[in-house]
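Per our numbering, the sequence shown starts with residue 20, numbered consecutively.
Where a beta carbon is used, it is the ideal one built from N, C-alpha and C, also for glycine.
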Amino acid sequence: MNPFHHAPRRRAAHIHVLLLSMSALLWLPAAQAQYWSPGAQAGPHNVGTDGVFDEDEEPGPRPRPPLPKEDLEALEDLFGSGDTPPEPPPAPPSPGPMAPNVPEDASPHLPDHAGGDAMPPASPPAPPEARPKQPEARPEALPEAPPQAQPEAPPVVPPPAEPPAARPPAVPPARPAGDAVYLPGTRTLTPTANAAVGTASAAQGLWQAEMNALGKRMGELRLTPAAGGVWGRAFTQRQKLDNGVAREFRQTVGGFELGADTALAAAEGRWHVGAVAGYSQGSLKFRHGGTGDDDSVHVGAYATYIGNSGFYLDGIVRVSRFSHEFKVHDTQGRRVRGQYRGNGVGASLELGKRFTWPGAWYVEPQLEVAAFRAQGADYTASNGLRIKDDGTNSMLGRLGLHVGRQFDLGDGRVVQPYMKLSWLQEFDGKNTVRTNGVRHKNRLDGGRAELDLGVAAQLGKHGSLYGSYEYAKGSRQTMPWTFHIGYRYTW
20 MNPFHHAPRR RAAHIHVLLL SMSALLWLPA AQAQYWSPGA QAGPHNVGTD
70 GVFDEDEEPG PRPRPPLPKE DLEALEDLFG SGDTPPEPPP APPSPGPMAP
120 NVPEDASPHL PDHAGGDAMP PASPPAPPEA RPKQPEARPE ALPEAPPQAQ
170 PEAPPVVPPP AEPPAARPPA VPPARPAGDA VYLPGTRTLT PTANAAVGTA
220 SAAQGLWQAE MNALGKRMGE LRLTPAAGGV WGRAFTQRQK LDNGVAREFR
270 QTVGGFELGA DTALAAAEGR WHVGAVAGYS QGSLKFRHGG TGDDDSVHVG
320 AYATYIGNSG FYLDGIVRVS RFSHEFKVHD TQGRRVRGQY RGNGVGASLE
370 LGKRFTWPGA WYVEPQLEVA AFRAQGADYT ASNGLRIKDD GTNSMLGRLG
420 LHVGRQFDLG DGRVVQPYMK LSWLQEFDGK NTVRTNGVRH KNRLDGGRAE
470 LDLGVAAQLG KHGSLYGSYE YAKGSRQTMP WTFHIGYRYT W
């Protein structure tokens, strides 16, 4: 069978269906205006089959009127006589609805109606079956324009960093031609300056240890016959000195003396005239470090008068040669040494009178005056510290009371224990020292009390022995202990 046998009829049917659809579109508004006018009292469900409003009819959906025969035949010609009309070929997707594909050579073909009358108004056709919803064609996304290359900014070049300023090499603070005099930010002497100032005061303490009263030097001459002799003594003394400038320091003095004299007869008494020589050495220890040494070699002459009435007078003159040295570590940690030499001269005069009581007790008031001058020097310590010592002056007075008792043991042996209380007053004791031009004024003035406990013994016709212990306490000078021991041999 030729597949194109019914082609002309199908094209005519297509046109007929199209015209029916258009007439339905024109008929529906008129029907709506008639049935749903404002004056209508019932809905469209009460409209009769003849299209007239009927109040007696029950409301409800009404059956749809059948299509005319001509329309049914046209549909059969279009879709075939089968139960299921063939599915139309799928329309190609398009952005919008398309008009029906009508061939250009087709002409509208309408079926002829009897009598040539106009076609009666057609009832509203059945709504076309819903076609499967085609997916909406999304507008194709325009291809993204390639990103426009932005002109690259020139790289930011940081300005060249300035090289850090070169630090000058660390230079220790300049010192005035040597070690500093004071510790930074204080009025405290540096170790070197402290030792230099202390050493200048040590000569005065050394002199006073050597310059002792007659009884310490020669013992008790009243126990020996009126004859000449030789003698010797040794001593040691601890001193704590505070000159008001340097920190308090300690000096330990030790020495010995040798002397010889001759006895000369005199009215109402006798004279002992002699010479003395000795050596003394002092060891210094400074607070917060540092040590020192003092040496003294001295010679002298003395004369002693002993009267029958108990009065006595003793005088001595001595010349000394001093050597001073100190060793400390300065503020830079260096070991520093300073030394100098100087001369000294001194003299003392002592007088007293013994009063004897029954029972061999006695009391003896004493008065002593001593003067001393030590020479200074200009010198430079090993670290460059310039030191100028102007020398030391001393004017010492002593007022004492000597109390004792004699015990006669027979055969020329006599033992005499005693106790002596004294007050010593330093009237000068000043010393000036300059370190790198800075002036320091030392002072060992002031007074001190002294206690002396001793014993003197006549061992026979020719020999005598003596010894003592002393303690002194003062504002500038303190002697915690002093020991003396001596021996005299008489011709």
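Task: Coil, strand or helix - Trp226 by DSSP - done: helix
Task: Integer Cβ distance of Gly365 from Ala389, believed to fall under 8 angstroms - done: 7 angstroms
Task: Range covered by the alpha helix (DSSP H) that runs through Lys235 - done: Leu233 to Met237
- [ ] Reducing DSSP to helix, strand and coil, say where Asn213 ends up.
- [x] helix
Open item on the list: The beta strand (DSSP E) that contains Arg467, what's its start and end?
Closed with: Gly465 to Gln477
Open item on the list: Between which residues of its own chain and Ala279 is the CB-CB distance below 8 angstroms, once the five residues before and five after are set aside?
Closed with: Gly247, Gly248, Val249, Trp250, Gly293 and Ala294
Task: Beta-carbon proximity list for Leu368, same chain, < 6 angstroms, skipping 5 on both sides - done: Gly334 and Val388
Task: DSSP-derived helix/strand/coil call for Ala294 - done: strand
Open item on the list: To the nearest angstrom, how far is the alpha carbon of Glu267 from that of Asp261?
Closed with: 5 angstroms
- [ ] For my contact list, Ala282 and Arg289 are in at a C-beta cut-off of 8 angstroms; report their separation, rounded to the angstrom.
- [x] 6 angstroms
Open item on the list: If distances are taken between C-alpha atoms only, which option among Gln223, Phe502 and Leu240 comes closest to Gly486?
Closed with: Phe502
Task: C-beta atoms of Tyr18 and Tyr398 nearer than 7 angstroms - done: The structure shown does not extend to residue 18, since the chain spans only 20 to 510, so no value can be given for it.
Task: Pick from Val457, Phe391, Gly493 and Leu470 that is closest to Thr207, judged by C-alpha positions - done: Val457
Task: Bridge partner(s) assigned by DSSP for Asn450 - done: Thr411 and Asn461
TODO: Compare the Cα-Cα distances from Ala265 to each of Gly395, Ala286 and Gly308 and report the closest residue.
DONE: Gly308
- [ ] Can you give me the Cβ contacts of Glu229 inside the same chain, cut-off strictly under 6 angstroms, excluding the 5 residues immediately before and after it?
- [x] Ser299
- [ ] Identify whether Thr205 lies in helix, strand or coil by the three-state DSSP scheme.
- [x] coil
- [ ] Measure the alpha-carbon distance for Lys480 versus Arg432 and round it to whole angstroms.
- [x] 8 angstroms
- [ ] Just tell me which of His343, Trp500, Asn402 and Thr451 has its CA closest to the CA of Leu472.
- [x] Trp500
- [ ] Measure the beta-carbon distance from Leu202 to Thr323 and round it to whole angstroms, keeping in mind my assumption that it falls under 8 angstroms.
- [x] Actually they do not touch by this definition, with Cβ atoms about 51 angstroms apart.
Open item on the list: Could you check whether Phe330 and Lys304 sit closer than 7 angstroms to each other, using their CB atoms as the reference points?
Closed with: no
Task: Asp314 versus Trp376 - alpha carbon distance - done: 44 angstroms
TODO: Return the CA-CA distance between Asn231 and Ala253, expressed in angstroms with no decimal places.
DONE: 12 angstroms
Open item on the list: Less than 6 angstroms between C-beta atoms, sequence neighbours within five positions excluded: which residues of the same chain meet that for Pro405?
Closed with: The displayed chain sequence assigns Arg, not Pro, to residue 405. So the list reads Thr399 and Asn455, once near-sequence residues are dropped.
Open item on the list: On a Cα-Cα basis, can you pick out the residue from Val272, Gly395 and Ala379 that is closest to Gln227?
Closed with: Val272
Task: 7 angstroms Cβ cutoff met for Gly363 and Phe341 - done: yes
Open item on the list: In whole angstroms, give me the CA-to-CA distance for Arg453 and Gln444.
Closed with: 27 angstroms
Task: 8 angstroms Cβ shell around Thr209 - same chain, five flanking residues per side excluded - done: Asp198, Ala199, Val200, Tyr201, Leu202, Asp349 and Thr350
Task: Range of the contiguous beta strand (DSSP E) that encloses Pro499 - done: Gln496 to Thr509
- [ ] Look at Ala379 and Arg424 and say whether their C-beta atoms are less than 7 angstroms apart.
- [x] yes
Open item on the list: Can you look up Ser401 in the DSSP assignment and give me helix, strand or coil?
Closed with: coil
Task: Nonlocal neighbours in the same chain, by C-beta distance under 6 angstroms from Lys259, ignoring five residues either side - done: Arg269 and Thr497
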